[in-house]
Amino acid sequence: MHLVNNNDRSVSSIPPDNWRPPLVTLETSMGKMVVELYWDHAPNTCRNFAELARRGYYNSTKFHRVVKDFIVQGGDPTGTGRGGASIYGKYFNDEITPSLKHTGYRGP
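Note that the working numbering has the sequence shown beginning at 197, numbered continuously upward.
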């Protein structure tokens with residue numbers, strides 16, 4: 197997985213608090229995947245994901261769980277699904293929002 201960084205910001209710089217990329221493009225061996233981030237519903241989760249991606253944390257990681265027509269999971273550098281780094285420390289609170297249930301889009 198590689199984040200496609202579509203701006204001029206240096207990876208070494210610290211983005212301002214209002215930095216909120218609406219989309220992240222993942223480059224995989226099977227093609228590109230665009231992920232929409234729901235900042236209004238899960239700001240800490242979005243910032244963690246976007247910032248780790250910006251830093252290159254997910255580069256060359258694998259999807260450790262793939263279930264056809266259902267789900268792909270990745271982002272864990274150990275490949276086990278047991279977790280990895282967070283910009284907040286080891287853990288941060290879940291941001292479970294019922295309005296986001298089943299928001300995935302399976303396009304052509």
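By construction, the Cβ of each residue, glycine as well, lies at the ideal position given by its N, Cα and C atoms.
- For the segment 199–274, the continuous beta strand (DSSP E) assignments of 3+ residues that do not extend past its boundaries occur at 219–224, 227–232, 259–263, 267–270, in sequence order.
- In the assembly as shown, Y254 is a buried residue. Its beta-carbon has 16 or more other beta-carbons within 10 Å.
- In terms of Cβ geometry, L248 and I292 do not form a close pair [threshold 8 Å].
- DSSP places S295 in the helix class (H, G or I) of the three-state scheme.
- With fewer than 16 other beta carbons inside 10 angstroms of its own, G279 counts as exposed.
- Taking C-alpha positions only, S225 is separated from S256 by approximately 10 Å.
- Separation of R243 and Q269 (C-alpha to C-alpha, rounded to the nearest whole angstrom) is 18 Å.
- Judged by their CB atoms, E232 and L222 are not nearer to each other than the 8 Å cut-off.
- A direct Cα-Cα distance of roughly 24 Å separates M229 from D290.
- The beta carbon of V262 sits closer than 6 Å to those of V268, all from its chain and outside the five residues before and after it, given in chain order.
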